[in-house]
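Visitor:
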Amino acid sequence: MANPVSKLLEIPRSWPPCPARGIVALLAILISLAPGLTSVHLAGAEDAPEGLPELSSVQDKTRGIGDDERDAYFQLLDYAAAGDYKQQQAVAEKNLANFEQQFYDNQKLALEKAPNGPRYRFSLYADMLKNPQAYRGQLVPLQGHVRRVEEMPIVDGDVDLGVAFQAYLFTEDSRTHPYIIVCREVPPGMPRGGDVLEEVAVTGYFFKLYAYDAQDAVRIAPLLIAQRIEWFPRQEPAPVISPFWGSVVATVALLILIAFLWRISAKDRRIRQERLRKMTDDAAPFSPPES
Numbered sequence: 076m077a078n079p080v081s082k083l084l085e086i087p088r089s090w091p092p093c094p095a096r097g098i099v100a101l102l103a104i105l106i107s108l109a110p111g112l113t114s115v116h117l118a119g120a121e122d123a124p125e126g127l128p129e130l131s132s133v134q135d136k137t138r139g140i141g142d143d144e145r146d147a148y149f150q151l152l153d154y155a156a157a158g159d160y161k162q163q164q165a166v167a168e169k170n171l172a173n174f175e176q177q178f179y180d181n182q183k184l185a186l187e188k189a190p191n192g193p194r195y196r197f198s199l200y201a202d203m204l205k206n207p208q209a210y211r212g213q214l215v216p217l218q219g220h221v222r223r224v225e226e227m228p229i230v231d232g233d234v235d236l237g238v239a240f241q242a243y244l245f246t247e248d249s250r251t252h253p254y255i256i257v258c259r260e261v262p263p264g265m266p267r268g269g270d271v272l273e274e275v276a277v278t279g280y281f282f283k284l285y286a287y288d289a290q291d292a293v294r295i296a297p298l299l300i301a302q303r304i305e306w307f308p309r310q311e312p313a314p315v316i317s318p319f320w321g322s323v324v325a326t327v328a329l330l331i332l333i334a335f336l337w338r339i340s341a342k343d344r345r346i347r348q349e350r351l352r353k354m355t356d357d358a359a360p361f362s363p364p365e366s
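Quick note: the sequence shown uses the numbering used here, first residue 76, plus one each step.
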């Protein structure tokens with residue numbers, strides 16, 4: 076049977092848009108994966124929620140969703156959609172704090188062994204690439220901008236499973252490398268297509284490291300399954316005054332301008348008349364020539 080998920084997660088070869096910058100950014104991210112910093116993982120993650128699908132069959136760094144992963148994929152998609160979103164957000168924030176604390180605890184242990192060793196800042200994206208098993212099935216919060224949002228039908232054989240949405244999310248620490256987000260819900264009115272730029276937030280379950288062909292090489296992107304995308308539409312600047320009062324102010328200003336111009340014109344007429352009168356009074360009387 077054909078894999079119904081492969082088209083859903085197809086990524087164009089033009090991704091990312093700037094390969095050279097992407098390589099530099101990826102190298103910068105991978106610097107934070109120094110040996111010894113994340114080898115012990117993860118004491119602080121939340122326990123698996125009740126009912127969470129079994130994800131032991133999921134394989135990282137593979138293309139598409141394999142036959143052995145399909146059941147887990149669909150189950151997690153339904154599980155995320157049916158959960159209490161506020162509770163998911165709370166768990167995700169706690170998980171993120173625990174992952175970050177564990178990272179710095181490991182770094183502290185490494186510095187005790189090598190006091191002159193480098194110090195790194197926690198990067199969720201980098202830590203996820205380094206420790207996918209620790210993140211599997213864990214909720215994490217993301218915020219950034221999406222560059223692509225598409226609606227995709229999900230069909231398993233002859234069974235219509237509805238639609239899902241696929242988005243490429245870029246965060247501050249992922250730089251030019253996307254997270255792949257799959258969810259069941261996007262806000263009404265949110266732009267869709269392959270050329271969007273919208274601020275969003277996502278709370279999702281990490282599923283796997285997904286391999287895809289980019290312009291220059293095979294790349295890896297974290298694939299998260301979420302209930303929804305939160306959209307923060309750009310706000311148009313509010314008018315300083317309402318259109319009605321704007322027209323009133325404009326009319327009053329126009330009347331003032333007309334009155335001002337009329338006054339200047341009247342003053343000019345008086346000045347010209349006064350000059351003409353003086354010129355007439357000072358002129359000698361006309362005398363006809365003597366015959």
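From the three backbone atoms N, C-alpha and C, an ideal C-beta is built for every residue, glycine too. Predicted model, so just to flag it, every value in this text is computed and none were measured.
Residue ranges of each alpha helix (DSSP H) run of no fewer than 4 residues wholly in the segment 199 to 247, ordered along the chain?
Guide: 199 to 205 and 207 to 210
Visitor: Taking only the alpha-carbon atoms, compute the straight-line gap between VAL230 and GLN310 and give it to the nearest angstrom.
Guide: 37 Å
Visitor: Just to confirm before moving on: does the CB-CB distance between PHE281 and GLN177 stay below 7 Å?
Guide: no
Visitor: What is the C-beta distance between GLU273 and TRP306, in whole angstroms, given that I count them as a contact (C-beta under 8 Å)?
Guide: Contact between GLU273 and TRP306 holds: their C-beta atoms lie close to 6 Å from each other, under 8 Å.
Visitor: So what does LYS283 bridge to, in DSSP terms?
Guide: LEU298.
Visitor: For LEU184 and ALA286, I'd like the C-alpha separation in whole angstroms.
Guide: 33 Å
Visitor: Over what stretch of residues does the beta strand (DSSP E) that includes GLU175 continue unbroken?
Guide: Where GLU175 is concerned, there is no enclosing beta strand (DSSP E), although the alpha helix (DSSP H) it sits in stretches over 160 to 188.
Visitor: Should GLY321 be labelled buried (16 or more other beta-carbon atoms within 10 Å of its own) or exposed?
Guide: exposed
Visitor: Between which two residues does the alpha helix (DSSP H) holding ARG145 run?
Guide: 145 to 157
Visitor: Within 10 angstroms of its Cβ, does GLY269 collect 16 or more other Cβ (buried), or is it exposed?
Guide: exposed
Visitor: Can you have a look at ARG347 and say buried or exposed, based on whether 16 or more other CB atoms are within 10 angstroms of its CB?
Guide: exposed
Visitor: With hydrogens ignored, establish whether the beta-carbon of VAL323 is closer than 6 Å to any heavy atom of the ligand COA.
Guide: Judged by which ligands are present, the structure shown has none, so any question about the ligand COA falls away.
Visitor: Would you say the segment 219 to 227 touches the segment 284 to 299, given that touching needs at least three Cβ pairs under 8 Å?
Guide: no
Visitor: Report the CB separation of ILE304 from VAL277 in whole angstroms; it is logged as a contact under 8 Å.
Guide: 6 Å
Visitor: So the candidates are TYR154, VAL324 and ARG211; which of them puts its Cα closest to the Cα of SER131?
Guide: ARG211
Visitor: Assuming VAL275 contacts LEU244 (C-beta within less than 8 Å), just tell me the rounded distance between them.
Guide: 7 Å
Visitor: Just how far apart, CA to CA, sit THR137 and ILE295?
Guide: 9 Å
Visitor: Using C-beta distances below 6 Å, list every residue in its chain close to PHE197, excluding the 5 sequence neighbours before and after it, in chain order.
Guide: GLU175 and PHE178
Visitor: Under the three-state reduction of DSSP, which class applies to THR326: helix, strand or coil?
Guide: helix
Visitor: Let me check understanding here. Comparing Cα to Cα, which of TYR200, GLY219, GLN182 and ILE256 lies closest to GLY192?
Guide: Considering only alpha carbons, the answer is GLN182.
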